[in-house]
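For the sequence shown, full-length UniProt numbering assigns the number 1 to the initial residue and increments by one for each residue that follows. What follows is a set of notes on a single structure, which appears directly below.
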Amino acid sequence: MMEIRHATNPVEAKQYTTERLRQEYLIEDLFQPDQIKLVYTHHDRVIVGGAVPVKETLALEVPAELRTDYFLERREVGFIAIGGPTVITIDGEEHLLQHKDGLYVGKGAREVSLRSQDPSQPAKVYFVSTLAHQSYPTAKIALAEANPVHLGSLESSNERTIYQYIHADGVQSCQLMMGMTLLKPNNIWNTMPPHLHDRRMEVYLYFDMDEQARVFHLMGEPQETRHLVVKNEQAVISPSWSIHSGAGTSPYTFIWAMGGENYTFKDMDAVAMEDLK
């Protein structure tokens, strides 16, 4: 069964309590042993998933809500391994992913399964799926091969490297863009100053965090900001009308994924610091 979350709008979101904000935008329990968990958001019809194949091989089966014969009949998907070595099998072909490696799978792949290469080092896989109208070939992306973009500075506590995995100048897709951001030591801020991109939504997964660490994720319209307190391996759904930024109490990494109207990483509208409230 797949959890369904309906789209929200900024006028109503102004009235949300902390509990309601968390219900709408925070995904708290994506990773369960020997299960695949799926969350379908009506923001650009993105599916967010987590898989933890410990003892079992897990098949990515189509939920009844999609009304298709198989999961990728009208979709594409990007996987990133955040646990032990992972074997993802696509229509009989195996792909081995080490920690922080990615795999893109295009529209039309019928059989997708995930397993741990070594059960003593269980796999843990995060994935995001968007609608697709064209097929692109399956492609593995190692972290060392992802396109690095260096941003920020130590003086502003936001020195970081954005690794682009699935994007216009790298592994091709129909609309999915996906990558990972690693902060340099002693930096806490991501995506600050913030931005908007009204033509696409985004999802963040925060991980590589200590049990007691937290990220204070900022969201909402620039003049009506709110926040979510996020723990390790929790994801945040960011609507197209919302900023998406965060500050951590200690080191963290996050995976970002986008889907929607445009297919360019630079399609964003900067928000000036004086406009934040």
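For each residue, glycine too, the CB sits at the ideal point set by N, CA and C. No experiment lies behind these values; they were computed from the predicted model shown.
The C-alpha of Asn9 is placed about 16 angstroms away from the C-alpha of Leu26. Across the structure, Met258 and Glu224 are spaced so that their CA atoms are roughly 23 angstroms apart. DSSP, read as helix, strand or coil, puts Gln234 in strand.
Ranked by Cα distance from Leu38, the first of Val54, Glu61, Arg20 and Lys55 is Glu61.
Within a 10 Å sphere around the beta-carbon of Ser153 sit fewer than 16 other beta-carbons, which makes this residue exposed.
By the criterion of a C-beta distance shorter than 7 angstroms, Lys55 is surrounded in its chain by Asp34 and Pro119, once the five residues flanking it on both sides are discounted. The beta carbon of Lys14 sits closer than 7 angstroms to those of Glu224, all from its chain and outside the five residues before and after it, given in chain order. In the DSSP assignment, Leu21 falls within the alpha helix (DSSP H) that extends over Thr18 to Tyr25. Measuring C-alpha to C-alpha distances from Glu73 to each of Ser129, Gly92 and Val52 identifies Ser129 as the nearest.
Here DSSP, grouped into helix, strand and coil, assigns Pro10 to helix. Pairwise C-beta distances place the stretch 213-223 out of contact with the stretch 142-156, as fewer than three of them are shorter than 8 angstroms. Within the same chain, Cβ atoms closer than 8 angstroms to the Cβ of Pro222 are found at Pro194, Leu196, Ile243, Val271, Asp275, Leu276 and Lys277, the five residues on either side in sequence being excluded. With a cutoff of 8 angstroms on beta-carbon distance, Thr138 and Val105 are scored as near each other. Segment contact: the stretch 110-118 against the stretch 83-92, three or more CB-CB distances shorter than 8 angstroms; contact assigned.
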